[in-house]
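Below: one structure, written as structure tokens.
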Amino acid sequence: MTAETGELPRSHPSPLRLSFDGGALAANWRAMDRLSGKARTGAAVKADAYGIGIDRAMPVLWDAGCRDFFVAHWSEVGAVRHYAPSSSISVLLGPMGDADVRFARETGVRPVINSIEQARRWTATGGGVCDLMVDTGMNRLGVRPEELGDPAIAALDIDIVLSHLACADEESALNDRQRSIFASLLPQLQHRRASIANSAGIALGAGYHFDLTRPGLALYGGVPRSELAQELQQVIAPEAAIVQIRTLPAGESIGYGASFTAASDMRVAILSLGYADGYLRCWSGKGEFTATDGAVLPVLGRVSMDLTAIDITAAPHLREGDWLRAGYDLPAAAEMSGLSQYELLTLAGPRLRAG
Ligand SMILES: *Cc1c(COP(=O)(O)O)cnc(C)c1O
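According to the working numbering, the sequence shown is numbered sequentially starting from 3.
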């Protein structure tokens, strides 16, 4: 058997898309920038800009004025560099081996040094400007305070000294403890800029802003602390086209597990969206979609891999091919689904991101 060699059309209309409000993303960044006071405001764009898509998010963030971008993996650098110079990109995982070090040198992006071993590796292979993560109590990544006297740290040419807050979205004594440990360590370290606040940390007040803040979630419409609710707008929502409209006769069930049975004849729409797209089974019998006229339409039965059934009795005008939007306001959707706002963003599947 040989493969077909004929040219396929490059793109094909998808019955699934992620609505994206670039104006809301820009407004959210500006709100975080205003709330960051005198500090500069960066952006965490790891994990494909929290599932929104680097190609959607980066041009908007750059135009809004953002000049400091944080990714987690080295593999994420390439996409960000299409939109921002290397000197504005930091890689949170740091150099784990020679290949990472080579990549950093070739591209000019900054590694975030997370351990004495990484510091030695960076200097031994030629050094250069880097960032440094210090662990002030989260015990995930970073050099511990008692290790900062190591000669490997003194040898670094540090732009940003970072730390990360474990409980910024809660009332916790750990916030102030981390902030004061961080402040007390800074005089020992030659550095240009200091940064501890994520989205929630920005709302903790000026004492947490230092020189640079690093919001992620809030930019994409997540609300980590209620004080921020009035400042932030929804940025994305899954949208799906109706692929079929049918009548569910009284007494019959719908979908896997036959978990919903109609009490009377119902008009039902089948949508091209399922758990493979990140619309998880937690929405079964619970999720809601809205039509363009605002009608709210409940999910019926179980969400399956590619398909979700909804009750369109309240919207008799709907036709096959019409688009509906999932209820995806992040704080409300988190409450309803039991997922975190971070998960709701980052689980968008490949078909949804592409659409
Ligand atoms: C992801 C991340 C952020 C952004 O956090 P949000 O809670 O999404 O604002 C900031 N700093 C570091 C080190 C991160 O890993």
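Each residue gets a CB set at the ideal place from its N, CA and C atoms; glycine is no exception.
Query raised in the report: Relative to the alpha-carbon of residue 278, which residue among 353, 263, 32 and 147 has its alpha-carbon at the smallest distance?
Result: The residue labelled residue 278 in the question sits at position 276 within the sequence shown. Nearest of 353, 263, 32 and 147 to residue 278, Cα basis: 353.
Query raised in the report: Any idea what DSSP makes of residue 160, helix, strand or coil?
Result: The sequence position of residue 160 within the sequence shown is 158, counting from 1. Residue 160: strand per DSSP, three-state reduction.
Query raised in the report: Which residues does DSSP pair with residue 136 in a beta bridge?
Result: In the sequence shown, counting from the first residue as 1, residue 136 sits at position 134. BP columns for residue 136 point to 145.
Query raised in the report: First and last residue of the alpha helix (DSSP H) that includes residue 105?
Result: As a working mapping, residue 105 is identified with position 103 in the sequence shown. Residue 105 -> alpha helix (DSSP H) spans 100–109.
Report task. In angstroms with no decimal places, state the Cα-to-Cα distance between residue 360 and residue 342. Result -> Since the displayed the chain opens at 3 and closes at 357, residue 360 lies outside it and no answer follows.
Query raised in the report: Is any heavy atom in ligand 1 found nearer than 6 angstroms to the beta carbon of residue 63?
Result: Reading the sequence shown from its first residue, position 61 is the one you call residue 63. No, ligand 1 has no heavy atom inside 6 angstroms of this Cβ.
Query raised in the report: If we call anything under 7 angstroms between Cβ atoms a contact, is residue 82 one with residue 71?
Result: Indexing the sequence shown from 1 puts residue 82 at position 80. Indexing the sequence shown from 1 puts residue 71 at position 69. Yes, the Cβ-Cβ distance between residue 82 and residue 71 is below 7 angstroms.
Query raised in the report: Sorry if obvious, but does the Cβ on residue 166 come closer than 6 angstroms to a heavy atom of ligand 1?
Result: For the purposes of this step, residue 166 is taken as residue 164 along the sequence shown, with counting starting at 1. Checking the Cβ of residue 166 against ligand 1 gives yes.
Query raised in the report: Of all the alpha helix (DSSP H) runs that stay within the bounds of the segment 6–49, which reach a length of 4 or more residues?
Result: 24–37
Requested in this report: Along the alpha helix (DSSP H) that carries residue 54, what are the first and last residues, could you check?
Outcome: Counting from one through the sequence shown, the residue named residue 54 turns up at place 52. Element bounds for residue 54: n/a, residue is neither H nor E.
Query raised in the report: Where does residue 273 sit, in a helix, a strand or coil, going by DSSP?
Result: The sequence position of residue 273 within the sequence shown is 271, counting from 1. Looking at residue 273 - three-state DSSP - the assignment turns out to be strand.
Query raised in the report: Regarding residue 287 and ligand 1, is the C-beta to nearest heavy atom distance less than 6 angstroms?
Result: Start at 1 with the first residue of the sequence shown, and residue 287 comes out as number 285. Flag unset: Cβ of residue 287 not near ligand 1.
**Report entry** Of the listed residues 171, 185, 155 and 113, nearest to residue 138 (C-alpha basis)
**Finding:** Against the sequence shown, residue 138 aligns to sequence position 136. Residue 138 has its Cα closest to that of 185, out of 171, 185, 155 and 113.
Query raised in the report: What residue range is occupied by the uninterrupted alpha helix (DSSP H) comprising residue 175?
Result: The count along the sequence shown starts at 1 and reaches residue 175 at position 173. Residue 175 -> alpha helix (DSSP H) spans 175–187.
Requested in this report: Using beta-carbon positions only, say whether residue 1 and residue 231 come within less than 7 angstroms of one another.
Outcome: Here the chain covers residues 3 to 357 and nothing more, so residue 1 does not appear.
Query raised in the report: For residue 322 versus residue 247, is the C-beta spacing smaller than 7 angstroms?
Result: Walking along the sequence shown from the start, residue 322 turns up at place 320. Walking along the sequence shown from the start, residue 247 turns up at place 245. For residue 322 and residue 247, yes; Cβs fall inside 7 angstroms.
Query raised in the report: From residue 244 to residue 300, what distance separates their C-alpha atoms?
Result: Walking along the sequence shown from the start, residue 244 turns up at place 242. Walking along the sequence shown from the start, residue 300 turns up at place 298. For residue 244 and residue 300, the distance between alpha carbons rounds to 14 angstroms.
Query raised in the report: Can you round the beta-carbon distance between residue 47 and residue 73 to whole angstroms, since I take them to be within the 8 angstroms contact cut?
Result: Reading the sequence shown from its first residue, position 45 is the one you call residue 47. Reading the sequence shown from its first residue, position 71 is the one you call residue 73. The pair is a contact, with the Cβ atoms about 6 angstroms apart (cut-off 8 angstroms).
Query raised in the report: Does DSSP classify residue 324 as helix, strand or coil?
Result: Here the question's residue 324 lines up with position 322 in the sequence shown. Looking at residue 324 - three-state DSSP - the assignment turns out to be coil, as it is neither helix nor strand.
Report task. Under 7 angstroms Cβ to Cβ from residue 340, same chain only, skipping five residues before and after it: list those, please. Result -> One-based indexing of the sequence shown puts residue 340 at position 338. The answer, listed in chain order, is 284.
Query raised in the report: Do you know offhand how far residue 34's Cα is from residue 221's?
Result: Here residue 34 is taken as the residue at index 32 of the sequence shown, counted from 1. Here residue 221 is taken as the residue at index 219 of the sequence shown, counted from 1. Approximately 8 angstroms between the Cα atoms of the pair.
Query - Contacting residues, own chain, Cβ-Cβ under 7 angstroms from residue 262 (five flanking each side not counted) - result: Residue mapping note: residue 262 aligns to position 260 of the sequence shown, counting from 1. These residues qualify, in order along the chain: 255, 256, 287, 302 and 303.
Report task. Check the DSSP bridge columns for residue 235 and list the partner residues they point to. Result -> One-based indexing of the sequence shown puts residue 235 at position 233. According to DSSP, which records beta bridges pairwise, residue 235 is partnered with nothing at all.
Report task. Leaving aside the five residues before and after residue 113 along the sequence, list all residues of the same chain whose C-beta is less than 6 angstroms from its C-beta, in chain order. Result -> Residue mapping note: residue 113 aligns to position 111 of the sequence shown, counting from 1. Excluding positions up to five away in sequence, the list reads 93, 96, 97, 106 and 132.
**Report entry** Check: residue 157 C-beta below 6 angstroms from any heavy atom of ligand 1
**Finding:** Counting from 1 along the sequence shown, the entry for residue 157 is found at position 155. Checking every heavy atom of ligand 1 against the Cβ of residue 157, none is found closer than 6 angstroms.
Query - Whether residue 289 touches residue 350 by CB criterion (7 angstroms) - result: The count along the sequence shown starts at 1 and reaches residue 289 at position 287. The count along the sequence shown starts at 1 and reaches residue 350 at position 348. Not a contact, by the Cβ cut-off of 7 angstroms.
Query raised in the report: Of all the options 163, 99 and 23, which has the alpha carbon lying nearest to the alpha carbon of residue 120?
Result: Mapped onto the sequence shown, residue 120 falls at position 118. Comparing Cα-Cα distances from residue 120 to each of 163, 99 and 23, the minimum goes to 99.
Requested in this report: Please name the residue, chosen from 14, 59 and 41, that lies closest to residue 25 on a Cα-to-Cα basis.
Outcome: Indexing the sequence shown from 1 puts residue 25 at position 23. Of 14, 59 and 41, the residue nearest in Cα terms is 59.
Report task. Measure the C-alpha to C-alpha separation of residue 355 and residue 22 and round it to an integer number of angstroms. Result -> Your numbering for residue 355 matches position 353 in the sequence shown. Your numbering for residue 22 matches position 20 in the sequence shown. If I take the Cα positions, the gap works out to 10 angstroms.
Query raised in the report: So who's on the other strand from residue 119, going by DSSP bridges?
Result: Here residue 119 corresponds to residue number 117 of the sequence shown, with the count starting at 1. Answer by DSSP bridge pairing: none, since residue 119 is not bridged.
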